[in-house]
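> Numbering (this note's numbering), first residue to last: 18 to 586.
C-beta atoms are modelled at their ideal positions from N, C-alpha and C, and glycine is treated no differently.
Since this is a predicted model, take the numbers as computed values, not measurements.
Following this message is one structure expressed as structure tokens.
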């Protein structure tokens with residue numbers, strides 16, 4: 018049920034590890050692909066029902082408030098601090114000690130998140146004021162007729178409904194760390210499907226009851242508010258289901274489990290010592306997201322919503338392929354003897370970057386060249402207008418400029434974690450934030466003076482008051498990603514002097530993607546008078562298949578990882 022590289026034992030430990038790595042990455046990719054597809058479906062429904070408007074701003078901000086806590090205590094922080102210690106105990110055959118460690122970490126997490134969730138619900142008005150200060154003036158704008166809804170008041174209500182979900186998702190990340198350590202990759206990365214499904218079910222049911230499921234532009238402000246709050250309830254229920262589906266397999270795998278809150282359990286101090294710097298690093302990342310959300314709250318309605326809408330598409334290749342390789346490598350690196358780990362890192366990084374670049378490079382080219390078509394195909398319709406299509410593509414293109422850097426950075430961060438160094442990535446993340454702000458804020462102020470309608474020549478009723486300011490924030494994020502990558506490479510070379518990145522190989526994959534985009538671009542021109550569905554159904558698969566065919570003809574070894582037997586000549 019859990020899926021992973023441990024279903025059939027190999028004849029020897031080295032063979033087991035060698036087999037587990039590509040199989041693990043494939044299982045992670047399958048799990049994440051399922052969850053990302055469910056997330057994309059959720060985004061399609063949310064954007065078509067709410068559009069890039071005030072209610073969508075509130076929905077995004079309602080998710081952002083608890084997600085700050087979830088992301089700081091959740092998957093990446095736990096992976097950095099807990100998996101290396103727990104995996105090493107499992108690798109040494111100390112299953113009882115590993116079980117006690119798992120129970121102590123769960124107990125401490127439960128206490129911490131319970132307190133923080135109660136504080137989040139009680140302090141929601143102040144939390145909202147800090148996260149989205151631009152919403153504080155909405156009451157006056159509603160009174161003057163400038164806005165139809167007070168986003169601040171509505172966001173306080175939404176946060177109080179959705180905030181308990183945070184604790185459930187943090188505990189779900191604990192279950193993911195356990196399963197990853199046992200090389201069970203499919204189930205934990207597939208579990209978010211139930212979370213997305215719960216949101217979709219609640220939102221669609223609310224829209225259907227109102228009678229405006231197929232005509233969202235006719236919905237009243239009160240009906241849109243009811244849809245929004247229903248989605249928040251669905252998110253809370255989905256968080257509970259996401260944890261519940263993982264627990265049976267966790268219970269089967271963990272031996273000697275004993276729930277406790279004692280820091281004296283062997284291994285807990287090691288986890289806590291790594292947890293602090295990892296938490297600081299995640300805190301810097303969350304701070305960068307918070308700054309983007311804060312700045313966007315001062316812009317016109319829709320700016321807060323467009324950033325995560327574009328981010329959903331941008332995170333698809335990173336989440337499915339880049340993250341799958343990184344997640345599968347971390348437990349294997351953590352099992353290595355620390356004295357020999359540095360010797361294996363260079364070759365592992367080279368292989369992992371090649372595997373990731375095989376998919377990330379055509380994604381970069383695809384989003385830059387065909388991004389407008391991608392956004393339109395997935396989101397256009399209902400309240401998501403042509404102007405929203407142009408703005409979302411602009412933000413997506415700006416984020417895409419840093420897509421390759423973000424993917425490689427995730428791999429390098431895991432190498433530091435495997436070497437028991439969580440402080441260096443945290444310091445580098447702080448430097449990334451400084452670069453991001455220094456580029457993003459001026460770019461936002463400059464671009465916010467240009468409306469979508471004036472730049473692309475739109476007119477009529479399908480325009481809306483949308484501005485390009487959010488593109489500046491995305492440019493800052495991309496600049497920060499490249500700065501982070503440069504600093505991570507420099508820092509890791511101090512630990513692994515022989516480290517070499519396959520720059521030429523990545524460049525070749527980018528060139529291949531550009532070359533195969535040319536015939537797809539010509540096809541798009543020929544189909545320019547056809548409908549959006551025709552264009553998307555022919556141009557995008559045509560580009561992907563042409564790239565895969567060219568890679569197959571060139572004998573790309575990465576095909577074996579992602580396509581298995583189908584990729585072999």
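Restricting to Cα atoms, I'd like to know which of 456, 363, 524, 72 is closest to residue 170.
For the purposes of this step, residue 170 is taken as residue 153 along the chain shown, with counting starting at 1. The residue with the shortest Cα to Cα distance from residue 170 is 72.
> By the 10 Å Cβ neighbour count, where 16 or more other Cβ atoms means buried, how is residue 237 classified, buried or exposed?
Here residue 237 refers to the residue found at position 220 when the chain shown is read from its first residue. That one is exposed.
> Helix or strand or just coil, what does DSSP make of residue 505?
On the chain shown, residue 505 is found 488 positions in, with the first residue counted as 1. Of the three classes helix, strand and coil, the one that applies to residue 505 here is helix, per DSSP.
> If you follow the alpha helix (DSSP H) that residue 326 is part of, which residue opens it and which one closes it?
As a position in the chain shown, residue 326 is number 309, starting the count at 1. Looking at the DSSP string, the run of the alpha helix (DSSP H) that includes residue 326 is 320-334.
> Taking DSSP's pairing of strands, which residues face residue 398 in a bridge?
Translated into the one-based positions of the chain shown, residue 398 becomes position 381. Partner(s): 401.
> Tell me whether the region 249-265 and the region 174-191 touch, counting them as touching only if at least three CB pairs, one residue from each stretch, are closer than 8 Å.
At 8 Å Cβ cutoff, the stretches touch.
> If distances are taken between C-alpha atoms only, which option among 442, 228, 497, 466 comes closest to residue 291?
Within the chain shown, residue 291 is the residue found at index 274, counting from 1. Comparing Cα-Cα distances from residue 291 to each of 442, 228, 497, 466, the minimum goes to 442.
> Apart from the five residues on each side of it in sequence, which residues of its chain come closer than 6 Å, Cβ to Cβ, to residue 483?
Taking the first residue of the chain shown as position 1, residue 483 is located at position 466. 319, 404, 408, 469.
> According to DSSP, is residue 468 helix, strand or coil?
For the purposes of this step, residue 468 is taken as the residue at position 451 of the chain shown. In the structure shown, residue 468 sits in a strand (DSSP, three-state: E or B).
> Which residue from 518, 212, 284 puts its Cα closest to that of residue 251?
Counting from 1 along the chain shown, the entry for residue 251 is found at position 234. If we check each option's Cα against that of residue 251, 212 comes out closest.
> Quick one: using the 10 Å Cβ neighbour count with 16 as the cut-off for buried, is residue 37 buried or exposed?
The count along the chain shown starts at 1 and reaches residue 37 at position 20. Per-residue confidence for residue 37 stands at a pLDDT of 38, beneath the threshold of 50, marking its modelled position as unreliable; no derived number is given.
> What are the partner residues of residue 484, as DSSP defines its beta bridges?
For the purposes of this step, residue 484 is identified with residue 467 of the chain shown, where counting begins at 1. In DSSP, residue 484 forms a bridge with 468.
> Ignoring anything shorter than 4 residues or poking outside the region 177-225, list the alpha helix (DSSP H) runs there in chain order.
181-198, 203-207, all fully within the region 177-225.
> Using a Cβ-Cβ cut-off of 7 Å (strictly less than) and excluding sequence neighbours within five positions of residue 454, which residues of its own chain qualify?
Start at 1 with the first residue of the chain shown, and residue 454 comes out as number 437. Excluding residues within five positions, the ones whose Cβ falls inside 7 Å are 308, 493.
> Enumerate in chain order the residues of its own chain whose CB-to-CB distance from residue 333 is below 8 Å, with the five nearest sequence positions on each side excluded.
Within the chain shown, the letter at position 316 stands for residue 333. Cβ within range, chain order: 53, 57, 380.
> Mapping the DSSP letters down to three states, classify residue 246 as helix, strand or coil.
Counting from one through the chain shown, the residue named residue 246 turns up at place 229. Three-state DSSP puts residue 246 in a helix.
> Between the alpha carbons of residue 264 and residue 192, how many angstroms are there, rounded?
Walking along the chain shown from the start, residue 264 turns up at place 247. Walking along the chain shown from the start, residue 192 turns up at place 175. Their Cα atoms are separated by approximately 7 Å.
> Do residue 126 and residue 118 have their C-beta atoms within less than 8 Å of each other?
Position 109 of the chain shown holds residue 126. Position 101 of the chain shown holds residue 118. Result no, Cβ atoms of residue 126 and residue 118 do not sit closer than 8 Å.
> Out of 327, 312, 429, 261, which one is the CA nearest neighbour of residue 516?
Within the chain shown, numbered from 1, the residue matching residue 516 stands at position 499. The shortest Cα separation from residue 516 among 327, 312, 429, 261 belongs to 429.
> To the nearest angstrom, how far is it from the Cα of residue 110 to the Cα of residue 267?
Locating residue 110 in the chain shown gives position 93, where the first residue counts as 1. Locating residue 267 in the chain shown gives position 250, where the first residue counts as 1. Cα to Cα, residue 110 sits roughly 18 Å from residue 267.
> Are the region 209-227 and the region 161-170 touching by the rule of at least three beta carbon pairs closer than 8 Å?
With the cut-off at 8 Å, the region 209-227 and the region 161-170 do not touch.
> So residue 271 packs on residue 195, CB below 8 Å; how close in whole Å?
Mapped onto the chain shown, residue 271 falls at position 254. Mapped onto the chain shown, residue 195 falls at position 178. Contact holds; Cβ gap of about 6 Å.
> Quick one: residues in its chain with C-beta nearer than 7 Å to the C-beta of residue 463, no 5 flanking neighbours on either side, listed in chain order?
Counting from 1 along the chain shown, the entry for residue 463 is found at position 446. So the qualifying residues of the chain are 489.
> According to DSSP, is residue 314 helix, strand or coil?
Numbered from 1 along the chain shown, position 297 holds the residue referred to as residue 314. Correct three-state label for residue 314: coil.
> Apart from the five residues just before and just after residue 478, which ones in its own chain have a Cβ nearer than 7 Å to its Cβ?
Indexing the chain shown from 1 puts residue 478 at position 461. The pLDDT assigned to residue 478 is 49, lower than 50, so where the model puts this residue is not dependable; a value taken from the coordinates is nonetheless given after this. Nothing listed; no residue qualifies.
> Measuring CA to CA, which of 140, 505, 168 is closest to residue 83?
Residue mapping note: residue 83 aligns to position 66 of the chain shown, counting from 1. Out of 140, 505, 168, 140 has the C-alpha closest to the C-alpha of residue 83.
> Three-state secondary structure (DSSP) at residue 238?
For the purposes of this step, residue 238 is taken as the residue at position 221 of the chain shown. Helix at residue 238.
> According to DSSP, is residue 99 helix, strand or coil?
To locate residue 99, count along the chain shown from 1; it is residue 82. Three-state DSSP puts residue 99 in coil, outside helix and strand.
> Measure the alpha-carbon distance for residue 232 versus residue 147 and round it to whole angstroms.
The sequence position of residue 232 within the chain shown is 215, counting from 1. The sequence position of residue 147 within the chain shown is 130, counting from 1. Going from the Cα of residue 232 to the Cα of residue 147 covers about 35 Å.
> Can you tell me which of the three DSSP states residue 274 falls into?
In the chain shown, the residue the question calls residue 274 occupies position 257. Note: residue 274 maps to coil in three-state DSSP.
> What number of angstroms, rounded off, separates the C-alpha of residue 423 from the C-alpha of residue 101?
By 1-based counting over the chain shown, the position of residue 423 is 406. By 1-based counting over the chain shown, the position of residue 101 is 84. For residue 423 and residue 101, the distance between alpha carbons rounds to 22 Å.
> What's the C-alpha gap between residue 396 and residue 386?
Indexing the chain shown from 1 puts residue 396 at position 379. Indexing the chain shown from 1 puts residue 386 at position 369. So the alpha carbons of these two residues sit roughly 18 Å apart.
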